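J.: At position 8 of the sequence shown the residue is numbered 41 (my numbering), and the sequence of numbers has no breaks.
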Amino acid sequence: QFTDFLQVEDNSLAARDLLLDKYQGWIGSRWWILSNPTYGGWEGAAINNAWSLPADLRNGAKREALEVAR
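As structure tokens, this is what we get:
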């Protein structure tokens, strides 16, 4: 969860991708990431913070947001 170290002003996938692009070089040298898809603000970003969506739509959006590697 790189947002443990960085502030995300706009919790959207686009904003998180911009931060990731900026600090990509730190991954594997300064930061080590251990996968834990059950933790963090990525979940809200993946559903555009639309918590009122039906569970099946939220789950589908979260599955689409997960990437094995970049």
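Note that the Cβ used here is the ideal one computed from N, Cα and C, for glycine as well.
Treat the numbers as computed from the prediction; the structure is a model and nothing was measured.
Quick check on the DSSP output: what are the complete alpha helix (DSSP H) runs of length 4 or more inside the region 55-91, in order along the chain?
T.: If only complete runs of 4 or more residues are kept, the region 55-91 shows the alpha helix (DSSP H) at 75-79, in order along the chain.
J.: Should TRP75 be labelled buried (16 or more other beta-carbon atoms within 10 Å of its own) or exposed?
T.: buried
J.: Which of the three DSSP states is assigned to GLU42 in this structure?
T.: coil
J.: From VAL41 to ALA88, what does the alpha carbon distance come to, in whole angstroms?
T.: 25 Å
J.: Measure the Cβ-Cβ separation of ARG49 and ALA78 and say whether it is below 7 Å.
T.: In terms of Cβ geometry, ARG49 and ALA78 form a close pair [threshold 7 Å].
J.: How long is the line joining the alpha carbons of ARG91 and ILE80, rounded to whole angstroms?
T.: 6 Å
J.: With LEU51 and LEU39 assumed to form a contact (beta carbons below 8 Å), what rounded beta-carbon distance in angstroms separates them?
T.: With 8 Å as the limit, LEU51 and LEU39 do not qualify as a contact, their Cβ atoms being about 11 Å apart.
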